[in-house]
Each structure stands twice: as C-alpha cells, then as structure tokens.
Ligand code: NAD
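In our numbering, the protein residues as written are 18 to 462.
The following block contains the structure:
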C-alpha cells in the first residue's frame, strides 16, 4: 500500500518533472512518535483578545516552547494567533500584519492555529463579520501554505477559555498531520469546562474504550492509538473476523466481543458485556462501516439496506442502549466515523453518503442533549490508504490522493489520532464537532 507517485517525485528524475510540469509535490508529513515532545520547535504566539495572555502558560503546561516576539532569523514549528479581539472588518488587517512577515520562517509540517469567538456568540454586526471572516482566511491559507503544514480555526465560546488545552495539544502537534482547513468549536454545545489530564503521555489511563470494526484498517489503528494513550480497548467485529480481532486485543491486553452490530440483540449484548466485565465504558467509537457502491438507477434493496444498517442505524441503536442502561460513564465520549462522501457526495454512493451524512445528523441530534460531561463528535475521513482504498481503480485512486492540500492520501493513524483527541478527558467542551481528516480535500470544502 505504498504511494508510488510520492516515491517517484522524491527521485532525481521525478524532481525535475515535478518542477518543469508543475505536478503536485507531496512532502513526507511529520507524524507523532511515542515519547517524543509534542512539538519539535517553538510556537510563536500573537494577536489580541481574551486568550493571548494565558497562551504561553497553557503551552508551557503541555511541554511546548513558545515565544511572543518574532526574532530575526528564527524559525518556528507553529504560529498561534488569538483573533478574538478583532471586532471590525478593518481589524482583520492584524492577520496580515502578524502572519505575512513570519510565514517564510515556518518549518515544514508547521502548524498554524487561529483562535476566534464563535460567530453566534458575538455582540455586534461588525464583530460577527470579523469572526466569520476568519473561516475564509484560514481555509485559504491552508491551501497555500504548502510543505505539509496545516491551518485550523478554533472558535472558543466565551467562558471556555480554560478548555482549549487538549485541542491545542492536538492541532499544534504532528498528531494532526492530515487535518487541515478545519473549523473546531469549543464550548458551543454543553459544558465550557474541561477535566484536567493527569498524565499527558497517557491521557486515557483508566478509561475503557469500545471500538467497532477493530480487526483491521482504520479500526485496528484506532485500537492501537487508544491503547498507546492508556485506554483498555474492547474490540468489536463480525464473527468471521474473530481470529484477527482476538490476536489484536491479545497484543493490546484488551477484550473483545465478536458480533454483527446489526443483529437485533447487539446493543443489549454490548451493554451487558461492558457493564459485567468493565463496570461500564468511557469511550465508544463507531468505526465499523461498509460500502456497497452502485448508481441509484441500479441499486438493489439489500445494498441500500445493509449500508444504512451498519453505518448509521447500528451506531444510533447501540448509543441509545448504552445511554439508557447508564453504561457510558460521566465525561464519556461517543465518536462517529462519517466520511467526506457524506459531506460532498460521490458517484455510486447515494447509500453510503446518505448513511455517513446520517452520522453527522446523529452528532447534531445528541450533542445538545447529552449530560454528565458526555460528548459526541465525528471524524470525516477523506482518502485514507487502506485495503478498502487499495481496491479503487488506479486513475480514481490517483485523483483521490492528489486532490487535497497535502497532495497525498492519509494514513489510518491520522484518523485514530483525531479520535484520541476527542476521547481525551480534556475535551469535555469539544462537543458536536465534525472534523474532516482529509488533508483539506478540494471536494466539498
Ligand atoms: P475496512 O473494511 O478495512 O474495516 C471495516 C471493519 O468493520 C472490518 O473489520 C469489518 O469486519 C467491520 N464490520 C463491517 N460490518 C460490520 C458489522 N456488521 N458488525 C461488526 N463489524 C463490522 O474499512 P476501513 O477503511 O478501515 O474503514 C473504517 C471506517 O472508516 C468505516 O466506517 C468507513 O466507512 C470509514 N471511512 C473510510 C475511508 C477510507 O478512505 N478508508 C474514508 C472515509 C470513511
């Protein structure tokens, strides 16, 4: 499952062709290595507003070095700008004034994060314009920054100033390698507080995480990353995949349930299992998913029904049963796996895209209703290199891989790291978000 184009452009002949033909030139992205510091370099902090004063302290607590004044000749791994104090369209000039002189000092796989106030929480038309404008700014900068760097906008609701740590740790580190051009909302729905994270290296210590579709692909990587971060993983997969599932959970010192999540009694069996063996569950990741592609004109009933059943109806029923039985502990996390197809649509995927947009609907419905610090969010992966995408015809695969700001496909670990950020006890104020893990794909942007 190597990216042959990426190897080619790194070769001497490839380099010449890329330069002369203007071909996309993907760079190898930095990815998080267990035990390494979160950020390999300095983060330059600037801007004005409610957050800037505390940012150096927040970063310091995360083990991240920061500077508040740009120095001649210095280079930076991250640029963090507080834009919450920009309250008129004219104020937006502060973005140019901060970023333009330092953009060339941003290292490869650099991180840019702009903090704003949720537009719905602004108090004047001028302020709403300025805050909403940040979205156009960050999404454009994401498309032009290049060299594996990413750009995000984080809207922080008033009162949620102390709940940004887990999000900054994720967005400033290589854990967010394939996440760019995203808008994250903190404190928009439910609580504006966050639980402190006792051990930054093992933020999920003591937590029990249920992961469906865990035997391979993205699900396997989710299980591995949640385990790395300290969780006990309970993997779920169909009985046919039981041997791979058992081997994985054995390696991770976890537990498993071999069942089809669409079975009538699956929600009850899962709830009974986690209550009896673990006293409940803290993190539920609805990763299991299938495709049964056909154009709608040729769509048979069973293709439609099975995709809806696995991808959205089962997650809804399982979540409802776990909540009903109080099997999800306080400060629990429910995490859905949507897809870029559910946002942009895709030929031959009316069933799949409907099911994945339905996952977003599930997030929107439950986020305002959940109590006890329980949150629900979803990831929407773009082109992720797995067995599923290896089966896609070459030309389609090439287009899928190149049509994003990183000019390459993502890895299962990129989806897993995003899920682990949602799962963190520090992410209680991160509720109701759908974050794309798509390298800022041009489709449906
Ligand atoms: P995959 O086919 O490699 O893995 C899916 C897993 O889910 C398998 O282990 C499978 O046995 C399990 N599963 C399927 N039906 C099940 C059922 N009824 N009960 C229990 N387990 C079941 O797929 P993947 O590429 O790893 O995708 C994982 C998730 O990510 C899916 O929800 C998929 O739709 C989504 N996704 C993937 C991509 C991508 O590019 N690979 C892009 C967007 C979204």
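All C-beta atoms in this analysis are idealised placements derived from N, C-alpha and C, irrespective of residue type, glycine included.
{"Item": "Are the beta-carbon atoms of residue 414 and residue 403 separated by less than 8 Å?", "Value": "no"}
{"Item": "Distance, Cα to Cα, residue 193 vs residue 434?", "Value": "7 Å"}
{"Item": "Pick out whichever of 360, 376, 445 has its Cα sitting closest to the Cα of residue 455.", "Value": "360"}
{"Item": "By alpha-carbon positions, which one of 75, 410, 391 ends up nearest to residue 217?", "Value": "75"}
{"Item": "Would the C-beta of residue 213 count as close to ligand 1, meaning under 7 Å from any of its heavy atoms?", "Value": "no"}
{"Item": "Rounded to whole angstroms, what is the Cα-Cα separation between residue 18 and residue 123?", "Value": "The predicted position of residue 18 is uncertain, since its pLDDT is 49 and thus under 50; a value taken from the coordinates is nonetheless stated next. Going by the C-alpha atoms only, they are around 31 Å apart."}
{"Item": "Could you check if residue 206 is buried or exposed, using at least 16 other CB atoms within 10 Å of its CB as the buried criterion?", "Value": "buried"}
{"Item": "Counting Cβ pairs closer than 8 Å, one from the region 351–359 and one from the region 414–426, do we hit at least three?", "Value": "no"}
{"Item": "Where do the N-terminal and C-terminal ends of the beta strand (DSSP E) with residue 368 fall, by residue?", "Value": "Per DSSP, residue 368 belongs to no beta strand (DSSP E); it is in the alpha helix (DSSP H), 367–383."}
{"Item": "Which ranges would you report for the alpha helix (DSSP H) in the region 174–205 if only whole runs of at least 4 residues count?", "Value": "182–188"}
{"Item": "Is there contact between the region 94–114 and the region 129–147, where contact requires at least three CB pairs shorter than 8 Å?", "Value": "yes"}
{"Item": "Using a Cβ-based criterion (distance less than 7 Å to any ligand heavy atom), does residue 230 qualify as near ligand 1?", "Value": "yes"}
{"Item": "Nearer than 7 Å: is that true of the beta carbon of residue 233 relative to any heavy atom of ligand 1?", "Value": "yes"}
{"Item": "In chain order, what residues of the same chain lie with their CB nearer than 7 Å to the CB of residue 44, ignoring the 5 residues before and after it?", "Value": "125, 164, 165"}
{"Item": "Taking its Cβ as the centre, do 16 or more other Cβ atoms sit within 10 Å of residue 71, making it buried, or is it exposed?", "Value": "exposed"}
{"Item": "Take residue 379 as the anchor and find which of 328, 94, 170 has the nearest alpha-carbon.", "Value": "328"}
{"Item": "Starting from the N-terminal side, write out each stretch of the beta strand (DSSP E) that is 3 residues or longer and does not extend beyond the region 50–91.", "Value": "59–64, 82–84"}
{"Item": "Would residue 225 pass as a contact of residue 249 if the rule is Cβ separation under 8 Å?", "Value": "yes"}
{"Item": "Are the C-beta of residue 98 and some C-beta of chain D separated by less than 8 Å?", "Value": "Looking at the structure shown, chain D is missing, and only one protein chain is on hand."}
{"Item": "Looking only at C-alpha atoms, which of 171, 118, 228 sits nearest to residue 486?", "Value": "The requested residue 486 does not occur in the structure, where the chain is confined to residues 18 to 462."}
{"Item": "Could you pull out every residue in the same chain whose Cβ sits closer than 7 Å to the Cβ of residue 119, ignoring the five residues on either side in sequence?", "Value": "61, 87, 93, 96"}
{"Item": "Tell whether a beta-carbon distance below 8 Å holds between residue 260 and residue 325.", "Value": "no"}
{"Item": "Residue 181: which of 108, 241, 160, 99 sits nearest, CA to CA?", "Value": "99"}
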